[in-house]
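Heads up: the sequence lines are chains A and B, in that order. Sequential numbering from 13 applies to the first sequence in my numbering. Sequential numbering from 459 applies to the second sequence in my numbering.
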Amino acid sequence: MMTSAHLDMTFAALADPTRRAILAQLALGEASVMELAEPFAMSQPAISKHLKVLERAGLISRGQDAQRRPRRIEAAPLAEATEWLENYRQLWEGNFRRLDALLDTMKAAQVKHKKHTPKK
Amino acid sequence: MNNAETFQLTTPTDLEIVMTRVFDAPRKLVFEAWTTPKYLPQWMLGPEGWTMPVCEIDLRTGGAWRFVWRSSDGKEMGMSGVYKEVLPPERIVSTESWGGYGPETINTLVLTEKDGKTTITNTKLFPTKESRDMALKSGMKEGVDASFKRLEEFLSTLA
Chain A
13 MMTSAHLDMT FAALADPTRR AILAQLALGE ASVMELAEPF AMSQPAISKH
63 LKVLERAGLI SRGQDAQRRP RRIEAAPLAE ATEWLENYRQ LWEGNFRRLD
113 ALLDTMKAAQ VKHKKHTPKK
Chain B
459 MNNAETFQLT TPTDLEIVMT RVFDAPRKLV FEAWTTPKYL PQWMLGPEGW
509 TMPVCEIDLR TGGAWRFVWR SSDGKEMGMS GVYKEVLPPE RIVSTESWGG
559 YGPETINTLV LTEKDGKTTI TNTKLFPTKE SRDMALKSGM KEGVDASFKR
609 LEEFLSTLA
């Protein structure tokens, strides 16, 4: 279980579109800083800065190869961040399904009420 | 029935949680279901086993509201707030606070109607990002299993 401060870092890291794109790229497989800099048309220092944020948030880690120092994605924090959103979603989904049923009842009552007026 | 698929929950900024959902009813009815003590306790319940014994609504600008939920084992959870803007049947802005803990949020509910269907957009604005994330966290893990169970029960009533 992550601490709230850690989750803060995860959300902050995910808030940036470039970092999300980097994660999407890494989801396809590990890549070195140089390999990542290319598709994003960014300098290596700029990419490195983003990678540092992602690394601090635990979203990526460094691979074994000492030469390339490839970065790879770490699934756990990402999963937890989306899990929280998913739990919240489940809660409201239940509420909204009940509201659907209630609205059906209300509509039916209204139709009954207006039975004698020909037009709705 | 496929309105469930229209449900979207997003965090477009660091301070917000935004929900949208389509309902197969005119917005006058949706508004009524959302703002009437007669109807609200029938659906806004959260996890299985919780009821809403207190639902007080003074629906006018400056008016107060207060809800209390109670679990089957006697736990209680309350929240309250004040209406900042009431424009039936299309818009409500209100404050919301969870008693002693948690920060106050500003909730904006917008209802739009098209072809007899109503789309609601419910935005919760938090004072800090940390409080927003805490609220997401308290999305009640125990509620998850219950929701699935309820979903199964619901689906079995279709057929």
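All C-beta atoms in this analysis are idealised placements derived from N, C-alpha and C, irrespective of residue type, glycine included. Computed from a prediction, not measured in an experiment: that's the story for all the values here.
Gly504(B) belongs to the set of residues whose beta carbon lies under 7 Å from a beta carbon in chain A. A buried status is given to Gln102(A), since no fewer than 16 other beta-carbon atoms sit within 10 Å of its beta-carbon. At a cut-off of 7 Å between beta-carbon atoms, Arg68(A) makes no contact with chain B. Counting only runs that start and end inside the stretch 498-539 of chain B, the beta strand (DSSP E) elements of at least 3 residues fall at 509-515, 522-528. Under the three-state reduction of DSSP output, Gln76(A) falls in the coil class, being neither helix nor strand. The Cβ of Lys119(A) sits closer than 7 Å to at least one Cβ of chain B. Taking 7 Å as the threshold, the shortest C-beta distance from Arg81(A) to chain B does not fall below it.
The beta carbon of Phe465(B) falls within 7 Å of a beta carbon belonging to chain A, placing the residue at that interface. In the assembly as shown, Thr469(B) is a buried residue. Its beta-carbon has 16 or more other beta-carbons within 10 Å. Among the CB atoms of chain A, none fall inside 7 Å of the CB of Trp523(B). The C-alpha of Ile34(A) is placed about 11 Å away from the C-alpha of Glu50(A).
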